[in-house]
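**Student:** Quick one: this structure, given as structure tokens, is what I'll be asking you about.
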Amino acid sequence: MRCIGCGETEVAPNLQETAWPSESHTMLFEFPQCAMPRNLSEFVPEGKMDQAELVWKNKQRPEYAKDYYNFTNFTMQLNEIGEGIKEQLPVTDSRLRPDIRHLENGEIDNASSEKHRLEEKQRASRKNRNKTQAGWTPAWFKEGRNPHCGEMDWLFTEDYWNRDFAKCPDIF
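With UniProt numbering applied, the sequence shown covers 1 to 172.
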């Protein structure tokens with residue numbers, strides 16, 4: 001269960017079994033401490049009911065969204081690499097995946113063969129790790145107790161911001 005902000009505290013929501021109405025793909029959260037039911041697919045308020053501030057609201061999809069898997073503008077921009085960004089990214093950043101780049105450029109055959117190559121590379125890497133029993137250690141996270149809700153979780157180590165990507169594996 002993930003912690004979600006509610007005013008100055010972090011709380012876990014009560015989830016009802018009927019919280020997933022399949023026809024609308026929404027989920028209703030109820031936070032007893034906030035006394036504020038939330039449909040997080042439409043909006044996200046923050047704070048107590050009488051002082052709630054809107055921190056996010058779902059925007060209308062663009063007219064051409066149906067041609068792009070009904071993605072929102074935000075979703076369509078997730079893989080964009082702006083000017084000067086590429087040099088700051090680790091070589092493992094998903095925005096650098098060559099198969100995705102081919103797909104975005106409409107090169108379906110190239111995307112398919114590149115995806116196959118990447119999957120084979122991953123299988124070989126996993127097989128090699130199993131032979132050496134080296135295991136896998138996350139680069140930017142460590143397992144520990146979440147200070148907000150006290151449960152075991154993956155905690156960000158802040159090492160990413162040092163921009164030392166020398167130890168990043170060649171995954172592409």
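All residues carry an ideal CB built from backbone N, CA and C; glycine is no exception.
When we look at the beta-carbon of D67 and count the other beta-carbons within 10 Å, is it buried (16 or more) or exposed?
**Tutor:** As a first step, residue 67 is located in the sequence shown; it is residue number 67 there, counting from the start. Flag for D67 reads exposed.
**Student:** By a C-beta neighbour count over all protein chains shown, 10 Å radius and 16 as the cutoff for buried, is E114 buried or exposed?
**Tutor:** As a working mapping, residue 114 is identified with position 114 in the sequence shown. E114 comes out buried.
**Student:** At the level of alpha carbons, what is the spacing between T132 and A166?
**Tutor:** If you number the sequence shown from 1, residue 132 lands on position 132. If you number the sequence shown from 1, residue 166 lands on position 166. For T132 and A166, the gap between their C-alpha atoms comes out near 21 Å.
**Student:** Do you know whose CA, among E87, V91, R97, lies nearest L78's CA?
**Tutor:** Here residue 78 corresponds to residue number 78 of the sequence shown, with the count starting at 1. When each option's Cα is compared against that of L78, the closest is R97.
**Student:** Could you tell me the alpha carbon to alpha carbon distance between Q94 and L155, rounded to whole angstroms?
**Tutor:** If you number the sequence shown from 1, residue 94 lands on position 94. If you number the sequence shown from 1, residue 155 lands on position 155. The sequence given here has Ser at residue 94, not Gln. Approximately 20 Å between the Cα atoms of the pair.
**Student:** Identify which residue in P147, P169, H148, K142 has its Cα closest to the Cα of E158.
**Tutor:** Along the sequence shown, read from residue 1 onward, the residue named residue 158 stands at position 158. For E158, the nearest C-alpha among the options comes from K142.
**Student:** Would P90 and C168 be called neighbours here (beta carbons separated by less than 7 Å)?
**Tutor:** Reading the sequence shown from its first residue, position 90 is the one you call residue 90. Reading the sequence shown from its first residue, position 168 is the one you call residue 168. It is a contact, given that the beta carbons lie within the stated cut-off.
**Student:** Look at the Cβ atom of D153, then the Cβ atom of N162, and state whether they are nearer than 7 Å.
**Tutor:** For the purposes of this step, residue 153 is identified with residue 153 of the sequence shown, where counting begins at 1. For the purposes of this step, residue 162 is identified with residue 162 of the sequence shown, where counting begins at 1. Taking 7 Å as the Cβ cut-off, D153 and N162 do not qualify as a contacting pair.
**Student:** Rounded to the nearest angstrom, how far is the Cβ of D118 from that of F172, given a contact under 8 Å?
**Tutor:** Taking the first residue of the sequence shown as position 1, residue 118 is located at position 118. Taking the first residue of the sequence shown as position 1, residue 172 is located at position 172. A small fix is needed here, since residue 118 is Leu in this sequence, not Asp. Their Cβ separation, rounded to whole angstroms, is 7 Å, which keeps L118 and F172 in contact under 8 Å.
**Student:** Could you spell out the range, first to last residue, of the alpha helix (DSSP H) harbouring E119?
**Tutor:** The residue you call residue 119 lines up with position 119 of the sequence shown. Element bounds for E119: 108 to 132.
**Student:** Tell me whether A124 is buried or exposed, calling it buried when 16 or more other Cβ atoms sit within 10 Å of its Cβ.
**Tutor:** Here residue 124 refers to the residue found at position 124 of the sequence shown. Flag for A124 reads exposed.
**Student:** For N105 and Y160, I'd like the C-alpha separation in whole angstroms.
**Tutor:** Along the sequence shown, one-based indexing puts residue 105 at 105. Along the sequence shown, one-based indexing puts residue 160 at 160. The alpha-carbon atoms of N105 and Y160 are separated by roughly 30 Å.
**Student:** From the DSSP output, in three-state form, read off H25 for me.
**Tutor:** Residue mapping note: residue 25 aligns to position 25 of the sequence shown, counting from 1. Because the pLDDT of H25 is 46, which lies under 50, any placement of that residue in the model is unreliable, and the number read from its coordinates should be weighed accordingly. Three-state DSSP puts H25 in coil, outside helix and strand.
**Student:** Kindly provide the ranges of any beta strand (DSSP E) runs that are 3 or more residues long and lie completely inside the stretch 42 to 95, ordered along the chain.
**Tutor:** 43 to 46, 53 to 57
**Student:** Check for me: the beta strand (DSSP E) holding R145 runs from which residue to which?
**Tutor:** Mapped onto the sequence shown, residue 145 falls at position 145. It spans 141 to 145 - the beta strand (DSSP E) in which R145 sits, taken as one unbroken run.
**Student:** Applying the 10 Å Cβ sphere with the 16-neighbour rule, what's the burial state of A111?
**Tutor:** Your numbering for residue 111 matches position 111 in the sequence shown. By the 10 Å Cβ count, A111 comes out buried.
**Student:** In terms of residue numbering, what span does the beta strand (DSSP E) encompassing D153 cover?
**Tutor:** Within the sequence shown, the letter at position 153 stands for residue 153. Where D153 is concerned, the enclosing beta strand (DSSP E) stretches over 152 to 156.
**Student:** How is R101 classed by DSSP in three states: helix, strand or coil?
**Tutor:** Translated into the one-based positions of the sequence shown, residue 101 becomes position 101. DSSP places R101 in helix when its eight states are reduced to three.
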